[in-house]
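Have a look at the structure below before the remarks.
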Amino acid sequence: MLSNFQDQFASLTVGGLSLGFIYVLIALGYTMVYGVLRMINFANSEVFMYGTFATIIVIRDLFGFTQQSEPATGFRLVYILFLCLIASMLMSGILSIFLELVAYRRLRNRGSNKLAPLISAIGMSIVLAEFMRILTDSRYVGSPRVMEKKSLGTFFGAELRLDNVIIIVAGLILFVSLSQFVQRTRLGKAIRAVSMNEDAAKLMGVNLNFVVSGTFLVGGLMTGAAGFFYVLKYENTSFNIGFELGIAAFTAAILGGIGNIKGAFYGGIALGLLETYASFFLGTQWKAVTVFIVLVFVLYFRPNGVFGEAITQTRA
Amino acid sequence: MSESILKLQNATMQFGGVVALNDVSFEIKKQEILGLIGPNGAGKTTVFNVITGVYQVTKGDITFEGKSLKGRKRYKITRGGVARTFQNIRLWGDMTALENVITATDTHKRSGLISGLFGLPISRREEKRDKARAQELLDFIGIGEYADRLAKNLPYGVQRRLEIARALGTEPKLLLLDEPAAGFNPAEKVELAKTIRKIRDAGYTVLLIEHDMSLVMGVSDRVVVIDFGQKIADDLPAKVQNDKRVIEAYLGVPEDAS
Amino acid sequence: MNERQYMKKQRLISVAAVIALAAGSAVAVAPASNAAAKTVTIAYQGPLTGEEAQVGIDELNGVKYAVKLFNAKNKGKFNVRIVEIDDQGSGTEAAKVAPGAASNKKILGIVGPAYSGATIASLPFYKQTNLPLISPSATRVSITDPAQGLIGFPVFHRIPVTDRVQGPALYKLATRGVSSPKVFVIDDQSPYGVGLVEYMKLGGATLAGQDSVPDKTTDWSATISKVKSASANVVIFTGYYAQAATLFRQLRDSGYTGVLAGGDGVLSPGILTLASASILEGVRLTGGTVPLAEISAKLEADFKAKMGVSSGTYAAESIDAANIFLSCISKGVNTRAAMLKCVKAYKGKSITGSALSFDKYGDTAGGVMNGFEIKGGAIKYTGAVK
Amino acid sequence: MFNLRDWGAGVWERSGRPVRVLIALGAIAAAASLPLLGGTFLNTPIADYGSVLVFPVAIFVIMALGLNIVIGKSGLLDLGYVAFFAIGAYTMGILGTKTGLNSWEILPIGIAMAMFAGLILGVPALRLRGDYLAIITLGFGEIVRITALNLNSIGGANGIVGIPTPPTIFGLEYTFDNHRLYFWTFLIIILLTIWMIRRLSVRRAGRAWESIRQDEDAAELMGVPTFRYKIWAFVLGASVGGAAGVLYASKTLFISPDNFTLQVSILILACVVFGGMGNIWGVVLGAIILGYLPDRIRFISDARLLVFGAVLVLMMNLRPDGLLPRKKREKALPEKGQS
């Protein structure tokens, strides 16, 4: 088994990394909101799921791809992929803002107990998933192939497939842009200010509702991007994929230290790799168990996650 | 005066690179009221925190009745006879004043979950006694009439005093008061001074952090002054007031009367 | 919520012969007087709402189709009604709805339950009230296995053959024509998927490797690495089509060129919408059934004309199950006890033309497994697996 | 605004002992007569009314009461509560089918197993706070389910079939379809649980939990052994979950890992918060409504989960503290409320 593992190590790593980047982006959705509101945005998983559908709608309905179509190439491919990315991000970003308005705003302004928003979010998550289930007749929806999964060569014996490379590179770009956004822009600074101290931020004249909406938007955009990458990599979706991916991404956020952008990054990647290695070594059926045991150990020794809390600490 | 009850021996507390307490030593004698003063950020509350186990001193030692408090769990320190109030009030708002105190009196009772569940006689007896004792303490502090009000609905001054009653509920030998007069008007301060003396006369030892000089000087038997984490004076109130270093430390810092 | 006990099973046929169709087209034969029409009630139980609803709705349509033909033919003599029992395919829900059906004395027999988990949860109530069941799709072996406590005996019967037959057949089909096969099996941790592998092994299969994956897995990189380390040239997936599509895609994309195979859980037109024809080309599948259209185009056309929709999965089994009850009704059966006796003694023909009867424990006697292959974006029947 | 909770508590407090006994007896009688009301507007259209009352309603009530000790009383967010339910059910399933023990004998074993699991989980997890605790407990719930799924010796994916019903006691025969008898049995368990929780809430443990929930640091500095009380809350909550599991298994006779998904934990959590965290009566009401509602509104068939979700959102926005919130009034219940 060990020699097999070495043979396969490189390709497992590539696969784990690209899965990890999907986790990173969803985890950012959780972590941004948590950093600002100290609240688990339970419905973020459905925000992700709607992102995957947005991508498929663009591919299938806007460009008319079917399972029989030839994949696109060249400039047209870039154009289509770009449009898909924008569509998923917008879909998820807008849904995320909507979610905050419906499920959280009133509760937040009333200063309710901590669990009420969580249940409200669970309710929203059921509504969103069920709505999609009814729309899709409980069926899985496949995405036609828009991009041929070409190999770009090998790297330590691992095949570098185009989709994995795109996910890793684009994921990295998105992450860096987000860090820059939080560091440099006015909204980003306001988000950090609120995450440090809500009252102080208010005193400084920050419009809290605006900042919270902005946070949900940014978190939703990242989560939506993950939806696009998910479809690119796995080429299908269904109304119930959000739950599993959401829990995994949330775990990633906790692992790295929730509320901390850098934590989401390393947590997501660590989880992607961990899941993949554990599946190979111990059997896929013990994947989730392994992940949680590792999590318990990490939290036992570092109770605030590997990188601690708070958006303020991001210096990626 | 009699023997000491609490001793800080070269207590040093570092956070990362910041030294909050630097080699501080002093002692408190039984049934004494010791004032602890110093400018803002001098490390007064840190002293409380290291005594009550919120932080562990990085160097030195703290002994209570001759035994080291180092590494002892916080609740055990309290159960051993050290109780405190908080500068920013930390009552349990959704409980009544009486319940706040009873919860503290629970500290040193024997009956636990099981006997409580079955309503064993010991549990019932203790319950009754605790309630009586808690009411007694509220009356002692002068807020007996508020017993059945939720803590969060009480007037500010009553909340401050309830903090003291709650701390007394743990039946401490040493009571640490963290700015008990903050936000009080002069009349209330006079009242508080009386209460503090009354507490001492009832057999407790008091360590008092206070900004209000007249209160501290008026009520304390002895005063310790710290500045930048270091002890700069330890003497009778009258002498401390004329100490050069103390005056220096407070220069530019208004003796705030708030 | 989200119970996934679905024993999605399609089965049937050997060759096409269209007995029922003859009856179906003879609508006008019924006697004119409908004064004394006797109302008889049977029920269908399966998932009619929730995640698995499509399976139940397709089966219910089959039952409705059979009843429609029967009522038309026996106008004036019998009027058969169908009670719909929605168990969402889950054991928990079934335990709630089954008592009601059991105590509704009008119901003489139930086509269903569709899923095995729901069947097991419902059975105590039906056994208690002696209510005969004929399931079109619950294939878990244990239900009829005397060694496992006679869970279903005596009321339970089923049309499809079980995985005890399918396991070895699937192995045989997957390795057919492969010199020195190295077989890698992947199950989805469902009772169905795990059981199929188990019976495959009991049937003497030798495996080069095995993996067991949670039923919502979409990332297969670890499994694929295992397939590669085992240098397998045959991969069998025992699970359902949606996951199969992602697995097959990722396997092919990773450069795997060997055989891909799956059981009846994968044998669904749904898979064609989830992966491209080029990826699915050559996928080998087993199943006890074939779509109505494979039996005869005429049958499918008649079904569509009468029901307004195309036939779905298990249509043939549902029609068979209903027909057994209906034939008993036409013999004048009007109690559950008589119905049970009649079903047990039933000897007739399936809509597919093959003989149909039950053994003592409720399994169909002498069922066969059929092979299929995906060619050019369509599922093609390739004959019985022998 | 009219406040049902305060009104109810007011009536209770003003009453003398005889009136209280009457109120209590009346409430118990009303609850006990529920299974006899199948013919009324309460009837569930498709699901059998009698069995809906047993599961989900009665089982949900028991579990919600147990979870309320953890979340409502001591403020620990537990998202893996289903684990204890599963452990109880599996204890019943395994011992019931493999040994000659009967349900009543297994009940204490199941409870002990669940408590032990609570201890094992609690010791590392309760050092963490808030949301970290949530994810650890969630993981624990999944670990229990996955382990059951992968251990063929305890049925694996197929689960356990043929679990025996409880033996006859006092001439009462527990046939699996005697829903009323089950309901009344479960009602007794519910009353016992309520008694236990009320007892604890007005005494030392209740105050300790309350202080931990409101300000854990202050509690510890006032001499409350917070860690020990958190463990106690966890273990007691687990015991109730375990009991629910044993009872569930000996009613449904067939269990499989599918019955113990994360969704169950979330649903029970919803019951607690929906009804009113920390208030026993609120929690009971929440569990009754959320257990019963999906079957009552079956006529909207496919959209009923959607409606369920929407109800959760709406309710939380209108009444964030639940239907019957915990006490907020000046006059404290424990003053007179204990017997």
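Chains as they are written, first to last, in my numbering: chain L, 70 to 385; chain A, 173 to 430; chain U, 10 to 395; chain S, 3 to 341. For every residue, glycine included, the Cβ atom is placed at its ideal position computed from N, Cα and C.
For residue 185/U, verify whether its CB is less than 6 Å away from any heavy atom of the ligand SAH. Inclusion of the ligand SAH in the displayed structure is not the case, the ligand content being empty and no account of it being possible.
Since residue 181/S is in the alpha helix (DSSP H), which residue starts that stretch and which ends it? As a position in the fourth sequence, residue 181/S is number 179, starting the count at 1. Residues 181-204.
How would you list, in chain order, the residues of chain U whose beta-carbon sits under 7 Å from the beta-carbon of residue 159/S? In the fourth sequence, residue 159/S corresponds to position 157, counting from 1. Those within 7 Å of residue 159/S in chain U are 198, 199, 200 and 203.
Would you report the Cα separation of residue 91/S and residue 208/S, rounded to the nearest angstrom? Here residue 91/S is taken as the residue at index 89 of the fourth sequence, counted from 1. Here residue 208/S is taken as the residue at index 206 of the fourth sequence, counted from 1. Near 28 Å, if we compare the C-alpha coordinates of residue 208/S and residue 91/S.
What does residue 92/L touch in chain U if you count any residue whose Cβ is under 9 Å from its own? Sequence index remark: in the first sequence, residue 92/L carries index 23 (1-based). Correct list: empty, because the minimum Cβ distance to chain U is about 11 Å.
Between the alpha carbons of residue 191/A and residue 281/L, how many angstroms are there, rounded? One-based indexing of the second sequence puts residue 191/A at position 19. One-based indexing of the first sequence puts residue 281/L at position 212. Each residue's alpha carbon lies about 38 Å from the other.
Interface flag, residue 224/U vs chain L, CB-CB below 7 Å: For this step, residue 224/U is matched to residue 215 along the third sequence. Answer no: the Cβ-Cβ gap between residue 224/U and chain L never drops below 7 Å.
Give a yes or no on whether the minimum CB-CB distance between residue 212/S and chain L is below 7 Å. The residue labelled residue 212/S in the question sits at position 210 within the fourth sequence. No, because no Cβ of chain L sits closer than 7 Å to the Cβ of residue 212/S.
Nearest-angstrom Cα separation, counted from residue 376/L out to residue 127/S: Within the fourth sequence, numbered from 1, the residue matching residue 127/S stands at position 125. Within the first sequence, numbered from 1, the residue matching residue 376/L stands at position 307. Each residue's Cα considered, the two are about 19 Å apart.
Taking 7 Å as the limit between beta carbons, can you name the residues of its chain near residue 413/A, skipping five residues before and five after? Working through the second sequence from its first residue, we reach residue 413/A at position 241. Closer than 7 Å at the Cβ level, and outside the excluded window around residue 413/A, lie 389.
By DSSP's criteria, residue 199/A is part of a beta bridge. Which residues make up the other side? Here the question's residue 199/A lines up with position 27 in the second sequence. Beta-bridge pairing links residue 199/A to 179/A.
Could you pull out every residue in the same chain whose Cβ sits closer than 8 Å to the Cβ of residue 192/L, ignoring the five residues on either side in sequence? Here residue 192/L refers to the residue found at position 123 when the first sequence is read from its first residue. Here the set comprises 172.
Contact list for the segment 264-276 of chain A against chain S, Cβ threshold 7 Å: 264, 265, 266, 267, 268, 271, 274, 275 and 276
Give a yes or no on whether the minimum CB-CB distance between residue 289/A and chain S is below 7 Å. In the second sequence, counting from the first residue as 1, residue 289/A sits at position 117. Closer than 7 Å to some Cβ of chain S, the Cβ of residue 289/A qualifies, so yes.
With 9 Å as the limit, tell me which residues of the segment 356-378 of chain U have their beta carbon closer than that to any beta carbon of chain L; keep them in chain order. none
Along chain L, which residues have their Cβ under 7 Å away from the Cβ of residue 62/U? In the third sequence, residue 62/U corresponds to position 53, counting from 1. Correct list: 207.
Assuming residue 208/L is part of the alpha helix (DSSP H), what are its boundary residues? Looking up residue 208/L in the first sequence gives position 139. Residue 208/L -> no alpha helix (DSSP H), and no H or E assigned at all.
My output table needs one value for residue 101/L: the three-state DSSP class, helix, strand or coil. One-based indexing of the first sequence puts residue 101/L at position 32. Three-state result, residue 101/L: helix.
Chain A contact residues for residue 216/S, given Cβ-Cβ distances below 8 Å: Numbered from 1 along the fourth sequence, position 214 holds the residue referred to as residue 216/S. Correct list: 264, 265, 266 and 267.
Integer Cβ distance of residue 408/A from residue 206/A, believed to fall under 8 Å: Against the second sequence, residue 408/A aligns to sequence position 236. Against the second sequence, residue 206/A aligns to sequence position 34. That pair is no contact at about 11 Å.
Is residue 122/S buried or exposed, if buried means 16 or more other CB atoms sit within 10 Å of its CB? Numbered from its first residue, the fourth sequence carries residue 122/S at position 120. When all chains shown are included, residue 122/S counts as exposed.
Which complete alpha helix (DSSP H) runs does the segment 193-268 of chain A hold, if anything under 4 residues is left out? 216-223 and 246-252
Taking the straight line between their C-alpha atoms, what separation do you get for residue 16/S and residue 294/S? For this step, residue 16/S is matched to residue 14 along the fourth sequence. For this step, residue 294/S is matched to residue 292 along the fourth sequence. Using only the alpha carbons, I get a separation of about 33 Å.
In whole angstroms, what separates the C-alpha of residue 110/U from that of residue 335/L? For this step, residue 110/U is matched to residue 101 along the third sequence. For this step, residue 335/L is matched to residue 266 along the first sequence. Roughly 55 Å between the two C-alpha positions.
Would you report the Cα separation of residue 295/U and residue 349/L, rounded to the nearest angstrom? Residue 295/U sits at position 286 when you count from the first residue of the third sequence. Residue 349/L sits at position 280 when you count from the first residue of the first sequence. When rounded, the distance between both Cα atoms is 28 Å.
Based on DSSP bridge pairs, tell me the residues matched to residue 2/U. Only positions 10 to 395 of chain U appear in this structure, which leaves residue 2/U out of reach.
Taking the straight line between their C-alpha atoms, what separation do you get for residue 33/U and residue 82/U? By 1-based counting over the third sequence, the position of residue 33/U is 24. By 1-based counting over the third sequence, the position of residue 82/U is 73. The predicted position of residue 33/U is uncertain, since its pLDDT is 38 and thus under 50; no value can be drawn from it.
Buried versus exposed, by CB contacts within 10 Å (16 or more), residue 137/L: Counting from 1 along the first sequence, the entry for residue 137/L is found at position 68. Burial call: exposed.
Using a cut-off of 7 Å between C-beta atoms, extract the partners of residue 227/S located in chain A. The residue given as residue 227/S occupies position 225 in the fourth sequence. Going along chain A in sequence order, the residues near residue 227/S (Cβ under 7 Å) are 247.
Using a Cβ cut-off of 9 Å, which residues of the segment 171-198 of chain S contact any Cβ in chain U, in chain order? 177, 178, 179 and 181
Which parts of the segment 238-295 of chain U are runs of the beta strand (DSSP E), unbroken and 3 residues or longer, counting only runs that do not cross its ends? 243-247 and 268-271
Interface partners of residue 80/L on chain U, CB under 9 Å: Residue numbering aside, residue 80/L sits at position 11 when the first sequence is read from its first letter. By Cβ distance, chain U contributes 230, 233, 234, 237 and 263.
Does the beta carbon of residue 296/A sit closer than 7 Å to a beta carbon anywhere in chain S? Stepping through the second sequence from its first residue, residue 296/A is reached at position 124. No, residue 296/A lies away from the interface with chain S (no Cβ there is under 7 Å from its Cβ).
State the DSSP-derived secondary structure class of residue 291/L, mapped to helix, strand or coil. Here residue 291/L refers to the residue found at position 222 of the first sequence. In the structure shown, residue 291/L sits in a helix (DSSP, three-state: H, G or I).
Determine whether the Cβ of residue 67/U lies closer than 7 Å to any Cβ atom of chain L. Sequence index remark: in the third sequence, residue 67/U carries index 58 (1-based). By this cut-off, residue 67/U is not an interface position.
Name the DSSP beta bridge partners of residue 381/A, please? Numbered from 1 along the second sequence, position 209 holds the residue referred to as residue 381/A. Paired residue(s): 208/A and 350/A.
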